[in-house]
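Chains as they are written, first to last, in my numbering: chain A, 7 to 220; chain B, 15 to 332.
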């Protein structure tokens, strides 16, 4: 009984706190500068120049001095969506972090500790790349996941500039840099323009988008 | 099936367009002159029916702000109305005729509080009604009476506007509680050149506010512009009422990077100007305005490219 109720209760509390927290969502366009994957033959291939559609969704809630932020960003491009290839390139970047903010006048600086990373997937249906007219699709299915402890800091100035940098213990493995900005003296519903750089050992993406916050 | 879907889409589109809320102007009674009228007893006792119709019509009209029925304290009213004569002549062609011909005349006097006649109003009207009900008696009589009264009241209201009567009753002054916000609005994705000032205000009290205005002044006190606020809605809050007003005014002629004082004013029950809120607004520098326009272009570009890329992805799939 307890084994079923307790997780359910936890889940309910989490959902409740998320619904009551400030949420934000965004969308944009991106570009893959580097994506290393393993071929069907086992050799390493580097892919670049794939356009991306990005969407992100997140929550931010404050509990006493600690701020909890959770968001997921997905980058996606599927060239053969309808006839079978569900996705060709998919990056999911989940992230959850505790922030401890320090505010001085209009500057806010916070150090953060979190958990997250990047999940990469490349999928092509076998029938597709064997057919003649789909020869441009390189024959490889690939799945990779780098999710571990994240360190980082954020910096914001007034309400028109927000920066966040997150990286793993080994900085070269995965790092994510996000910059949100808008002009001064804007209404609260005006979206931020977001610039996003995500780098790592096997992947580099750039994205430009809009982020709407409550 | 396709036609049905098209029809549904069209209906939704049309009904959506029809229900776009417009700006609602304040009700006319907000503009009325603050008179309190009294209704005196009629000269002939048989005219009491007309008097009660008169009371009913004045009470529903926007002629006065208050109405007292006879017998009333004359110090509380600004003027009195009295029915002096009411005659109706009803003619019927035959016993089973369908036509009712009526001719009526009504004389109403406008008296001051000392019962001195200021003006007399006389109206005549005829009515020619057909009734298929054999048992009805004078079917158009109430209509005739009403039209006589409303015609006289139209003339009374014209005379009141011309100042034949001065408001003399005891006034209950009140300071209304107000909640206002004045904010400057700059370009966003739906309006590229927007430079507006948005004013919303809520006034709480028992007497309706008259002529709520927004005034923008320079630092030396000279007025830049004065704009009337639109009435938006009325709400009951405990025993008081809450009137909300708003307006969005284009300020494109205002210089950048300067400060202005604003005042929100209305007229009280004596038509004197009362300031209920003041403050300061500061326009942004011109460069920031251009930057905001650039930001709007950037937002539009991102949205367009996102949509374009999405369409391209879909086209690749097919």
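Think of the CB as a built atom: it goes at the ideal place given N, C-alpha and C, for glycine as much as any other residue.
Check whether chain B comes within 8 Å of residue 186 of chain A, counting only Cβ atoms and requiring the distance to be less than that. Here residue 186 of chain A refers to the residue found at position 180 when the first chain is read from its first residue. So no, residue 186 of chain A is outside the interface.
Could you confirm whether any beta carbon from chain B is found closer than 8 Å to the beta carbon of residue 39 of chain A? To locate residue 39 of chain A, count along the first chain from 1; it is residue 33. Contact of residue 39 of chain A with chain B is not assigned, every C-beta pair being separated by 8 Å or more.
Does the segment 206-217 of chain B touch the segment 150-168 of chain B, meaning 3 or more C-beta pairs lie closer than 8 Å? The segment 150-168 of chain B, when compared against the segment 206-217 of chain B, does not touch it at the 8 Å Cβ threshold.
Residue nearest to residue 209 of chain A in terms of C-alpha spacing, selected from A/29, A/53, A/12 and A/9: The residue given as residue 209 of chain A occupies position 203 in the first chain. Looking at the Cα atoms, A/53 is the closest of the given residues.
Pairwise C-alpha distance: residue 69 of chain B and residue 82 of chain B: Here residue 82 of chain B corresponds to residue number 68 of the second chain, with the count starting at 1. Here residue 69 of chain B corresponds to residue number 55 of the second chain, with the count starting at 1. Straight across, the Cα-Cα distance linking residue 82 of chain B with residue 69 of chain B is about 9 Å.
Residue 179 of chain B beta carbon less than 8 Å from that of residue 92 of chain B: If you number the second chain from 1, residue 92 of chain B lands on position 78. If you number the second chain from 1, residue 179 of chain B lands on position 165. Result yes, Cβ atoms of residue 92 of chain B and residue 179 of chain B sit closer than 8 Å.
Name the residues in the segment 308-319 of chain B whose C-beta lies less than 8 Å from a C-beta of chain A; which are they? Cβ contacts with chain A: 309, 312, 313, 316, 317 and 319.
Let me check understanding here. Comparing Cα to Cα, which of B/119, B/254, B/144 and B/126 lies closest to residue 108 of chain B? As a position in the second chain, residue 108 of chain B is number 94, starting the count at 1. Out of B/119, B/254, B/144 and B/126, B/144 has the C-alpha closest to the C-alpha of residue 108 of chain B.
If you compare alpha carbons, which of B/110, B/129, B/139 and B/134 is closest to residue 148 of chain B? Taking the second chain and counting its residues from 1, one reaches residue 148 of chain B at position 134. From the listed residues B/110, B/129, B/139 and B/134, the smallest Cα separation to residue 148 of chain B is found for B/110.
Nearest CA to the CA of residue 168 of chain A: which residue from A/188, A/149 and A/153? By 1-based counting over the first chain, the position of residue 168 of chain A is 162. The option with the nearest alpha carbon to residue 168 of chain A is A/188.
Given residue 296 of chain B, which residues of its chain have a CB within under 6 Å of its CB, disregarding the five upstream and five downstream residues? For this step, residue 296 of chain B is matched to residue 282 along the second chain. The residues are 273.
Rounded separation between residue 55 of chain A and residue 28 of chain A - CA only: Reading the first chain from its first residue, position 49 is the one you call residue 55 of chain A. Reading the first chain from its first residue, position 22 is the one you call residue 28 of chain A. Here the alpha carbons of residue 28 of chain A and residue 55 of chain A stand approximately 35 Å from one another.
Beta carbon proximity, residue 333 of chain B to chain A, threshold 8 Å: Any question about residue 333 of chain B goes unanswered here, given that chain B covers just 15 to 332.
Could you have a look at residue 213 of chain B and say whether DSSP puts it in helix, strand or coil? The residue given as residue 213 of chain B occupies position 199 in the second chain. Reduced to three states, the DSSP call for residue 213 of chain B is strand.
Any C-beta of chain B sitting closer than 8 Å to the C-beta of residue 168 of chain A? For this step, residue 168 of chain A is matched to residue 162 along the first chain. Not one chain B Cβ lies under 8 Å of residue 168 of chain A.
Closer than 8 Å is the cut-off here; do at least three beta carbon pairs connect the segment 127-141 of chain B with the segment 169-178 of chain B? Pairwise C-beta distances place the segment 127-141 of chain B in contact with the segment 169-178 of chain B, as three or more of them are shorter than 8 Å.
Exposed unless 16 or more other CB atoms sit within 10 angstroms - verdict on residue 128 of chain B: Position 114 of the second chain, counting from 1, holds the residue named residue 128 of chain B. Exposed, since its Cβ has fewer than 16 Cβ neighbours within 10 Å.
Identify every residue that forms a DSSP beta bridge with residue 226 of chain B. Mapped onto the second chain, residue 226 of chain B falls at position 212. Note: residue 226 of chain B sits in no beta bridge, so no partner.
Can you find at least 3 beta carbon pairs, one from the segment 100-113 of chain A and one from the segment 69-82 of chain A, that sit closer than 8 Å? Yes, since at least three Cβ pairs between the segment 100-113 of chain A and the segment 69-82 of chain A fall closer than 8 Å, the two stretches touch.
Based on DSSP bridge pairs, tell me the residues matched to residue 330 of chain B. Position 316 of the second chain, counted from the start, is the residue given in the question as residue 330 of chain B. According to DSSP, which records beta bridges pairwise, residue 330 of chain B is partnered with nothing at all.
Mapping DSSP to helix, strand and coil, what is residue 54 of chain A? The residue labelled residue 54 of chain A in the question sits at position 48 within the first chain. Of the three classes helix, strand and coil, the one that applies to residue 54 of chain A here is coil, per DSSP.
If you run the structure through DSSP and keep just helix, strand and coil, what is residue 241 of chain B? Within the second chain, the letter at position 227 stands for residue 241 of chain B. In this structure, residue 241 of chain B counts as strand in the three-state DSSP scheme.
Could you check the C-alpha separation between residue 38 of chain B and residue 256 of chain B for me, to the nearest Å? The count along the second chain starts at 1 and reaches residue 38 of chain B at position 24. The count along the second chain starts at 1 and reaches residue 256 of chain B at position 242. The pLDDT assigned to residue 38 of chain B is 40, lower than 50, so where the model puts this residue is not dependable; a value taken from the coordinates is nonetheless given after this. Between residue 38 of chain B and residue 256 of chain B, the C-alpha separation is close to 16 Å.
Alpha helix (DSSP H) segment containing residue 67 of chain B, residue limits: For the purposes of this step, residue 67 of chain B is taken as the residue at position 53 of the second chain. Looking at the DSSP string, the run of the alpha helix (DSSP H) that includes residue 67 of chain B is 62-74.
Neighbourhood of residue 149 of chain A by C-beta distance below 6 Å, restricted to the same chain and skipping five residues each side: As a working mapping, residue 149 of chain A is identified with position 143 in the first chain. Closer than 6 Å at the Cβ level, and outside the excluded window around residue 149 of chain A, lie 127.
Can you name the residues of chain B whose CB is closer than 8 Å to the CB of residue 216 of chain A? Residue 216 of chain A sits at position 210 when you count from the first residue of the first chain. Per Cβ cutoff of 8 Å: 313, 316 and 317.
Relative to the C-alpha of residue 192 of chain B, which residue among B/204, B/205, B/173 and B/218 is closest? Numbered from its first residue, the second chain carries residue 192 of chain B at position 178. Closest by alpha carbon: B/218.
Backbone secondary structure at residue 67 of chain A - three-state DSSP: Here residue 67 of chain A corresponds to residue number 61 of the first chain, with the count starting at 1. In this structure, residue 67 of chain A counts as strand in the three-state DSSP scheme.
Once DSSP output is grouped into helix, strand and coil, what is the label at residue 188 of chain B? The residue labelled residue 188 of chain B in the question sits at position 174 within the second chain. When secondary structure is reduced to three states using DSSP, residue 188 of chain B falls in the coil class, being assigned neither helix nor strand.
Where residue 311 of chain B and residue 173 of chain A are concerned, what is the direct C-alpha to C-alpha distance, given to the nearest angstrom? By one-based count along the second chain, residue 311 of chain B stands at place 297. By one-based count along the first chain, residue 173 of chain A stands at place 167. Roughly 33 Å between the two C-alpha positions.
Give the DSSP-derived three-state secondary structure of residue 334 of chain B in the structure shown. A question about residue 334 of chain B goes unanswered here, because the residues of chain B that appear run from 15 up to 332.
Skipping 5 residues on each side, what residues in its chain have a beta carbon closer than 8 Å to that of residue 106 of chain B? Position 92 of the second chain, counted from the first residue, corresponds to residue 106 of chain B. 113, 114 and 115, listed in sequence order.
If distances are taken between C-alpha atoms only, which option among B/200, B/223, B/63 and B/277 comes closest to residue 235 of chain B? The residue you call residue 235 of chain B lines up with position 221 of the second chain. For residue 235 of chain B, the nearest C-alpha among the options comes from B/277.
With distance defined between alpha-carbon atoms, name the residue in B/89, B/97 and B/60 nearest to residue 182 of chain B. Within the second chain, the letter at position 168 stands for residue 182 of chain B. Residue 182 of chain B has its Cα closest to that of B/89, out of B/89, B/97 and B/60.
Check whether the segment 18-26 of chain B touches the segment 57-67 of chain B, taking contact to mean three or more Cβ pairs, one atom from each stretch, closer than 8 Å. No: the two stretches stay apart, fewer than three of their Cβ pairs being nearer than 8 Å.
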